[in-house]
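Those sequence lines, one after another, are chains A and B.
Under the working numbering, the first sequence has 404 at position 404, and the numbering climbs by one with no breaks.
Under the working numbering, the second sequence has 325 at position 325, and the numbering climbs by one with no breaks.
Glycine included, every Cβ here is placed at the ideal spot set by N, Cα and C.
Nothing here was measured: the structure is a model prediction, and the numbers come from that model.
Worksheet: the structure to be examined is printed underneath.
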Amino acid sequence: MEMPAPNTAVLSKKAKIVERLQSVLPKDAVIYDEAETRAYECDGLSAYRCPPLAAVLPSSTEEVSAVLKICHKEGVPVVPRGSGTSLAGGALPTADSIILGVARLNDVIETDYDNRVIKVQTGRTNLSVTGAVEEEDFFYAPDPSSQLACAIAGNIAMNSGGAHCLKYGVTTNNLLGVTLVMMDGTITELGGAHLDAGGLDLLGLICGSEGQLGVVTEATLRILRKPEGARPVLMGFDNNEVAGACVADIIKAGVLPVAIEFMDRPCIEATEAFAQAGYPMCEALLIVEVEGSDAEIDEQLGLIMQIARKHNPVELRESKSSDESAKIWLGRKSAFGAMGQINDYMCLDGTIPVSSLPHVLKRISEMSKEYGLDVANVFHAGDGNMHPLILFDANKPGDLELCEALGADILRLCVEVGGCLTGEHGVGIEKRDLMVDQFAADDLENQMAVKDVFDPTWLLNPSKVFPLASSESRRALAIAAE
Amino acid sequence: MTPKTEAELADAIASAKTPLRIIGGGTRPIGNPVAGEVLSTSALTGIELYEPGALTIVAKSGTPLSKIETALSKENQRLAFEPMDHRALLGTTGDPTIGGVVAGNISGPRRVQAGACRDHMLGVRFVDGTGTVLKNGGRVMKNVTGYDLVKLLTGSYGTLGVMSEVALKVLPKTDTQATVMIHGLPIARAVKAMSAALGSPYEVSAAAHMPGDSPVTMLRVEGFEKSVAYRCDQLKDTLAEFGEITVETDPAKSAKIWSASRDVAGFHNAEGDVWRISVKPTDGAHLAGKLGTDTFFMDWGGGLIWAVVPAGTDLRAKMNGTPGHATLIRADEATRAKLDVFHPELAPIAKVSAGLRAKFDPKGILNPGLMA
Chain A
1 MEMPAPNTAV
11 LSKKAKIVER
21 LQSVLPKDAV
31 IYDEAETRAY
41 ECDGLSAYRC
51 PPLAAVLPSS
61 TEEVSAVLKI
71 CHKEGVPVVP
81 RGSGTSLAGG
91 ALPTADSIIL
101 GVARLNDVIE
111 TDYDNRVIKV
121 QTGRTNLSVT
131 GAVEEEDFFY
141 APDPSSQLAC
151 AIAGNIAMNS
161 GGAHCLKYGV
171 TTNNLLGVTL
181 VMMDGTITEL
191 GGAHLDAGGL
201 DLLGLICGSE
211 GQLGVVTEAT
221 LRILRKPEGA
231 RPVLMGFDNN
241 EVAGACVADI
251 IKAGVLPVAI
261 EFMDRPCIEA
271 TEAFAQAGYP
281 MCEALLIVEV
291 EGSDAEIDEQ
301 LGLIMQIARK
311 HNPVELRESK
321 SSDESAKIWL
331 GRKSAFGAMG
341 QINDYMCLDG
351 TIPVSSLPHV
361 LKRISEMSKE
371 YGLDVANVFH
381 AGDGNMHPLI
391 LFDANKPGDL
401 ELCEALGADI
411 LRLCVEVGGC
421 LTGEHGVGIE
431 KRDLMVDQFA
441 ADDLENQMAV
451 KDVFDPTWLL
461 NPSKVFPLAS
471 SESRRALAIA
481 AE
Chain B
1 MTPKTEAELA
11 DAIASAKTPL
21 RIIGGGTRPI
31 GNPVAGEVLS
41 TSALTGIELY
51 EPGALTIVAK
61 SGTPLSKIET
71 ALSKENQRLA
81 FEPMDHRALL
91 GTTGDPTIGG
101 VVAGNISGPR
111 RVQAGACRDH
121 MLGVRFVDGT
131 GTVLKNGGRV
141 MKNVTGYDLV
151 KLLTGSYGTL
161 GVMSEVALKV
171 LPKTDTQATV
181 MIHGLPIARA
191 VKAMSAALGS
201 PYEVSAAAHM
211 PGDSPVTMLR
221 VEGFEKSVAY
231 RCDQLKDTLA
241 EFGEITVETD
251 PAKSAKIWSA
261 SRDVAGFHNA
271 EGDVWRISVK
281 PTDGAHLAGK
291 LGTDTFFMDW
301 GGGLIWAVVP
311 AGTDLRAKMN
321 GTPGHATLIR
331 ADEATRAKLD
341 VFHPELAPIA
351 KVSAGLRAKF
361 DPKGILNPGL
371 MA
């Protein structure tokens, strides 16, 4: 994946830019020493690295505004960064860019149980939002697997999901308001603790815009009361198709599980070797979790198991206690770690219509053989969000490229069956060049025109989301303006 | 003009030189008055795809809502955001279309639990003001590929583009329902009770308060039969401190309560202008007393106030800076033109909105002035 050549005019005035940034921020909030900027050279997509010109760590919305004003004036590209856990390269810098990190913006501004909202600064981690309301038995629903580390800012930028979206939705469904700083330094508010927009739904537009339209410094989030309890059932099947049919039947029956997770044989084998969760060795495994009081859980699990039995499962294991629940979840939660033990891996994130599941899994296994790289599948089956994990050896010349080519083919397959390139990770640089497979040139032009309105000179995270060739003339504006 | 295909729709817009007034079923004449030639989507009909197992439906924008609801009902599913039927309130006739529901982000009492129309939108195909056919989103439930213009189009009242096709997430119908009713509460206590109920683990799917001589605060519980009974009992215990509580256990009667609330049935024959105010529930409790009218009720746990005031009254002025927005849903054209139907936006937001309209509709022909 290519990144554009840095703007030499910006590189040559590094000293001036740093000096100006230091004039509006505390001394320790501007990082420009080459040894130290390395800490910001990559995010979770660590195959790609480039230290930024400098990194800044503002502590308030006003400081963010002051930084953006300077960068706007000087024509310096800005790459906003949450915790840097993006798997798509959303926070990858270029050598001529400033990393704007929100790590010091981590206060809880207000918790309001009557109105069921919490207002936080966006550098706060996802899990610590729940942490702030847990003592009152509330929680923040979106739960990306990086929730211990990932920041709300990044969740908003990528519209992050998690395992429980089937019932609770993704970030955009749980975000009620933001404080937004635009590239020219303008500070504004969108939404609030009330519901829905009066005019155009700009809040909905900002969420998932990958840090290209503005920097979100504060967020009002919906919090929910914890359910009385939750318990899963584990089921194993001897083929993928039957597992897929079982998922569809559960959904059709009117039960709305809070999560339906799917693992295929390669994934089951790897996690068993790693975590010994006691999973059955079979072709497909489902974990279906429901919530409520004990009696409500029993009723729903009873119905789900009744449906599962019609599909002749090789294993059907209902959790009766929190220990048993933990055991059932253990393998699923260790899946990524287990893969990491075997090899380097690349985690894809395409979404497909649930009905195409068997076809897509069959094609992935054929492609895996063609490319000679193993692929394990673990994903959120209820909403069709797949996470094929392609195993490769980073130390073997050409293997990364081969892996990326297979990944691209799998994502094209997702689009071909009516799905999309990314369900919750974002486009970043990773899927940027595949956008032409999902969108027509007019569609991309329309989206880029939206960025023109917020950031006319394309300084905010400019080399992401859109194929470099399509955004070239716009990115040139920044260079010309400088 | 009533195009029959997306291509005809694109041609009609591409060749238009003067403003167009975009309508679906014409049952929701909401917005600042627009003068222009009528462009109707009512001939763009048909369900393109419905997969109950994937909780997804895709339909052309002019498809009558009733057709969609019938199709979903056969599979025991529904649009969970419970779109309001505006006909009786606004004195209109005809068939509401799914495109109209989306264009207005029309949502009902279940908004508090299941989200608004915008939360169930998966994809759109639309024609912008230059006649270019565009798409965004898709038909799958999780999709962060590119900007979310689906949300932007939802609730844009035809001012950014004319939708030709919409894809929505649907949900299973619930088995049964009941309504827990607390009697005799003043507004502030009612909002407190609704907050307690919505903040409980008992999955309340709607919370409304009807003030008056015999005020009643209503909480809907939906689900499987035993679970509904259990949760109603738990709510009665949780809310015991608030006073006399009864439960409407007849599902048909409970459903009727909520369809009446959804469609603002109490105000169908009321004289005056009808406003809809969205604020946070605790602000709703304060604001209700300052409206200068007794003809109001609260939905969304107190966060949505429906109010009737004498014609021409600027109810928005009484919000006095309370965060939120007030929309003038029913008034004559002169009042709508004078007071602005939609809440004024902060200057930077208004600038961005105007900038987006100029990009999507450079000729300024799509419902110009309807929103701002």
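C-alpha distance - Leu127 of chain A paired with Asn155 of chain A, whole-angstrom precision | If I take the Cα positions, the gap works out to 11 Å.
For the 8 Å Cβ check, are there 3 or more pairs between the segment 41-59 of chain B and the segment 152-164 of chain B?
-> In the pairwise beta carbon analysis, the segment 41-59 of chain B is classified as touching the segment 152-164 of chain B: at least three pairs are separated by under 8 Å.
Flag Lys431 of chain A as yes if its beta-carbon sits less than 9 Å from any beta-carbon of chain B, otherwise no.
-> Yes, Lys431 of chain A counts as interfacial toward chain B.
Note down, one range per segment and in chain order, each alpha helix (DSSP H) of at least 4 residues found wholly within the segment 285-350 of chain A.
-> Fully contained in the segment 285-350 of chain A are the following alpha helix (DSSP H) runs of length 4 or more, in chain order: 294-309, 322-333 and 335-342.
Can you tell which of B:Glu203, B:Gly91, B:Ala252 and B:Glu241 has its C-alpha closest to the C-alpha of Gly26 of chain B?
-> Nearest C-alpha to Gly26 of chain B: B:Gly91.
Leu203 of chain A, DSSP secondary structure in three states = Residue state, collapsed to three classes: helix.
Check: Ala331 of chain B C-beta below 8 Å from any heavy atom of the ligand NAP | This structure lacks the ligand NAP; in fact it carries no ligand of any kind.
Same chain, Cβ closer than 8 Å to Leu348 of chain A, five either side skipped, listed in chain order | Cβ within range, chain order: Met386, His387, Pro388, Leu389, Ile390, Gly407, Ile410 and Leu411.
For the alpha helix (DSSP H) that contains Glu136 of chain A, what are its first and last residues?
-> Careful: Glu136 of chain A lies outside any alpha helix (DSSP H) and carries neither H nor E.
The beta strand (DSSP E) enclosing Gly177 of chain A, as first and last residue numbers | Per DSSP, the continuous beta strand (DSSP E) segment holding Gly177 of chain A begins and ends at Leu175 to Val181.
So, Leu234 of chain A versus Leu316 of chain A, is the Cβ gap smaller than 9 Å?
-> Yes, the Cβ-Cβ distance between Leu234 of chain A and Leu316 of chain A is below 9 Å.
Taking the continuous alpha helix (DSSP H) assigned at Asp233 of chain B, which residues delimit it?
-> That run of the alpha helix (DSSP H) goes Glu225 to Thr238.
Per DSSP, the bridge partner or partners of His325 of chain B | B:Ser278.
Are there three or more Cβ pairs, one per stretch, closer than 8 Å when the segment 193-211 of chain A is compared with the segment 264-273 of chain A?
-> Contact between the segment 193-211 of chain A and the segment 264-273 of chain A is not established, with fewer than three Cβ pairs separated by less than 8 Å.
Specify the secondary structure class of Glu2 of chain A as computed by DSSP and reduced to three states.
-> Three-state DSSP puts Glu2 of chain A in coil, outside helix and strand.
Could you give the DSSP three-state label for Asn115 of chain A: helix, strand or coil?
-> Note: Asn115 of chain A maps to coil in three-state DSSP.
Comparing the C-beta of Arg225 of chain A with each C-beta of chain B, is any distance below 9 Å?
-> With its beta carbon less than 9 Å from one in chain B, Arg225 of chain A belongs to the interface.
If you measure beta-carbon to beta-carbon, which residues of the segment 271-283 of chain B are closer than 7 Å to chain A?
-> Answer in chain order: Ser278, Val279, Lys280, Pro281 and Thr282.
Cβ of Leu21 of chain A within 9 Å of Cβ of Val56 of chain A?
-> It is a contact, given that the beta carbons lie within the stated cut-off.
Distance CB(Tyr168 of chain A)-CB(Val290 of chain A) smaller than 9 Å = Taking 9 Å as the cut-off, the beta carbon of Tyr168 of chain A is found no closer than this to the beta carbon of Val290 of chain A.
So the beta strand (DSSP E) Asn377 of chain A belongs to, where does it begin and stop?
-> First-last of the beta strand (DSSP E) with Asn377 of chain A: Val375 to His380.
Please confirm whether Asn239 of chain A and Ala284 of chain A have their CB atoms less than 9 Å apart.
-> At the C-beta level, Asn239 of chain A and Ala284 of chain A come within 9 Å of one another.
Could you check which residue in B:Gly24, B:Ala12 and B:Val309 has the C-alpha nearest to that of Pro64 of chain B?
-> Selection B:Gly24, B:Ala12 and B:Val309 evaluated against Pro64 of chain B yields B:Gly24 as nearest (Cα-Cα).
Go ahead and label Ile109 of chain A buried or exposed: buried means 16 or more other beta carbons lie within 10 angstroms of its beta carbon, across all protein chains shown.
-> When all chains shown are included, Ile109 of chain A counts as exposed.
Counting only beta-carbon atoms, is Ala135 of chain B nearer than 9 Å to chain A?
-> One point to set straight first is that residue 135 of chain B is Lys, not Ala, in the sequence displayed. Lys135 of chain B counts as touching chain A.
State the Cα-Cα distance for the pair Gln177 of chain B and Ala208 of chain B, rounded to the nearest angstrom.
-> In this model, Gln177 of chain B and Ala208 of chain B are separated by some 15 Å (Cα to Cα).
So what does DSSP say about Phe392 of chain A, is it helix, strand or coil?
-> Reduced to three states, the DSSP call for Phe392 of chain A is strand.
So what does DSSP say about Tyr377 of chain B, is it helix, strand or coil?
-> The shown model of chain B, from 1 to 372, leaves out residue 377 of chain B, and the question about it has no answer.
Can the beta-carbon of Ser319 of chain A be found closer than 9 Å to that of Pro232 of chain A?
-> Closer than 9 Å, so yes.
How is Trp306 of chain B classed by DSSP in three states: helix, strand or coil?
-> Three-state DSSP puts Trp306 of chain B in a strand.
Does any CB atom of chain A fall closer than 9 Å to the CB of Ala14 of chain B?
-> It does not; no Cβ of chain A falls within 9 Å.
Along the beta strand (DSSP E) that carries Leu234 of chain A, what are the first and last residues, could you check?
-> Where Leu234 of chain A is concerned, the enclosing beta strand (DSSP E) stretches over Ala230 to Phe237.
Any C-beta of chain A sitting closer than 9 Å to the C-beta of Glu222 of chain B?
-> Taking 9 Å as the CB threshold, Glu222 of chain B stays off the interface with chain A.
Nearest-angstrom Cα distance between Ala347 of chain B and Phe454 of chain A?
-> Rounded to whole angstroms, the separation of the alpha carbons of Phe454 of chain A and Ala347 of chain B is 14 Å.
Do we get a CB-CB distance below 9 Å when we pair Arg116 of chain A with the residues of chain B?
-> Closer than 9 Å: yes.
Can you tell me which of the three DSSP states Thr422 of chain A falls into?
-> Thr422 of chain A: coil per DSSP, three-state reduction.
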